[in-house]
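Working notes, structure below.
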Amino acid sequence: MRQLPILVVVLLAATACTTPESGETTTTSMDTTTTTTVEADVPVCLAGELPFVDEGVVAALDSPGQDARAIGGVRWLEYGGCERIEVSFLSAAGSPASRIGPIGVTSLPESGILRVTLSEPIANSAVADTTLDGDLVGSWYVVEGLDEGLTIDFHLDSPADTRAFTTASPARLVVDLRPAADDQPPGHTVTGGGVVVLSPQPGVGLYPMQVTGYAAPNMSAVRMQLSDDSGIVVDRSISTLSSVYVWHVFGVTVNDGPSGLVDLFVGTVDENDERSSGVNVELDLP
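Take the sequence shown: its position 10, counted from the start at 1, is 9 in numbering that gives the first Met the number 0, and no numbers get skipped.
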């Protein structure tokens with residue numbers, strides 16, 4: 000997990016039972032990411048009448064009087080039969096925020112991603128990513144450049160139904176996940192070497208082809224190469240430079256290129272233009 004050295008990091012460790020816009024008491028922890036396993040007769044992430052959604056828009060939420068300016072931390076809790084994610088927020092002064100403002104949560108099963116979209120005023124983060132040990136949620140990334148504000152992408156290891164709500168004073172986003180009734184495996188991204196490729200996914204593809212994803216905070220550019228048996232046919236450098244220490248989106252359209260079995264490489268190269276880190280996606284193109 001990466002942290003911004005210039006931010007005061009405060010993670011709000013919520014009590015196990017939470018309700019939307021509650022005024023409950025909290026404790027404060029300096030860890031930005033917390034993993035907790037909780038056993039309960041009635042898991043809190045399954046209780047209540049708020050419905051679960053299998054795909055598409057999970058929640059479109061707002062709270063007037065927004066003072067959130069940064070993501071403060073992420074808390075992940077595992078219960079029997081469900082998992083809960085709690086995202087805390089900081090004000091401009093570095094103290095716990097009271098209101099988040101506009102926020103959207105979307106389930107993208109074709110990519111295996113649960114996406115949280117934040118408003119433009121939330122432009123910084125005390126955390127960049129981490130790997131989890133859940134049955135449903137495997138990892139998450141804070142990403143700049145997918146929309147006007149920051150985005151948090153939770154990558155799912157198993158299909159999940161989802162619901163979400165917010166609390167105020169302190170400001171938190173709470174996301175509950177339970178195993179989906181549909182046991183079809185979710186789509187997946189190709190991840191490694193500081194790169195996440197969202198599209199194309201391995202297999203049959205078409206031109207024009209969108210190559211999209213995001214790169215780690217320490218990368219200022221990624222190299223995109225398409226190769227066939229003759230060697231590298233398409234070779235492009237894509238800037239991922241950012242002043243915010245989070246993952247940064249990249250995207251490029253390839254209108255034409257090699258046909259048949261093709262290797263897509265996205266990553267970094269050394270001073271000799273030799274591939275040093277990144278991912279390979281095997282494609283079958285016309």
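Just so you know, even glycine gets a beta-carbon here, dropped at the ideal spot from N, CA and C.
If you're wondering where the values come from, they're calculated on a predicted model, not measured in any experiment.
Residue i (DSSP reduced to helix, strand or coil)
i, result
"residue 178", "strand"
"residue 90", "coil"
"residue 172", "strand"
"residue 128", "strand"
"residue 30", "Only weak support exists for where residue 30 lies, its pLDDT of 44 falling under 50; the value from the coordinates is given anyway. Reduced to three states, the DSSP call for residue 30 is coil."
"residue 216", "coil"
"residue 81", "strand"
"residue 95", "strand"
"residue 242", "coil"
"residue 271", "coil"
"residue 264", "strand"
"residue 147", "coil"
"residue 186", "coil"
"residue 248", "strand"
"residue 21", "Caution applies to residue 21, whose pLDDT of 39 falls short of 50 and renders its modelled position unreliable; the model cannot decide the point."
"residue 237", "strand"
"residue 106", "strand"
"residue 41", "coil"
"residue 133", "coil"
"residue 191", "strand"
"residue 202", "strand"
"residue 123", "strand"
DSSP beta-bridge partners of residue i
i, result
"residue 154", "112 and 138"
"residue 230", "227"
"residue 163", "174"
"residue 253", "208"
"residue 47", "Note: residue 47 sits in no beta bridge, so no partner."
"residue 259", "284"
Minimum C-alpha distance to residue i - residue among the options
i, options, result
"residue 240", "216, 270 and 211", "216"
"residue 251", "47, 196 and 58", "196"
"residue 86", "229, 255 and 170", "170"
"residue 98", "81, 266, 141 and 63", "63"
"residue 150", "269, 120, 54 and 233", "120"
"residue 248", "210, 263 and 261", "210"
"residue 227", "144, 183 and 264", "264"
"residue 143", "135, 137 and 152", "152"
"residue 173", "237, 130, 58 and 191", "58"
"residue 220", "107, 208, 46 and 235", "235"
"residue 161", "277, 46, 91 and 40", "46"
"residue 157", "130, 53, 177 and 135", "135"
"residue 141", "163, 283 and 243", "243"
"residue 179", "254, 159 and 166", "159"
"residue 54", "72, 93, 105 and 176", "105"
Residue interval of the beta strand (DSSP E) (run including residue i)
i, result
"residue 281", "274-284"
"residue 78", "69-78"
"residue 99", "Per DSSP, residue 99 belongs to no beta strand (DSSP E) and is neither H nor E."
"residue 55", "55-60"
"residue 194", "194-198"
heavy atom of the ligand GTP below 8 angstroms from residue i C-beta
i, result
"residue 78", "No copy of the ligand GTP occurs in the structure displayed, which carries no ligand at all."
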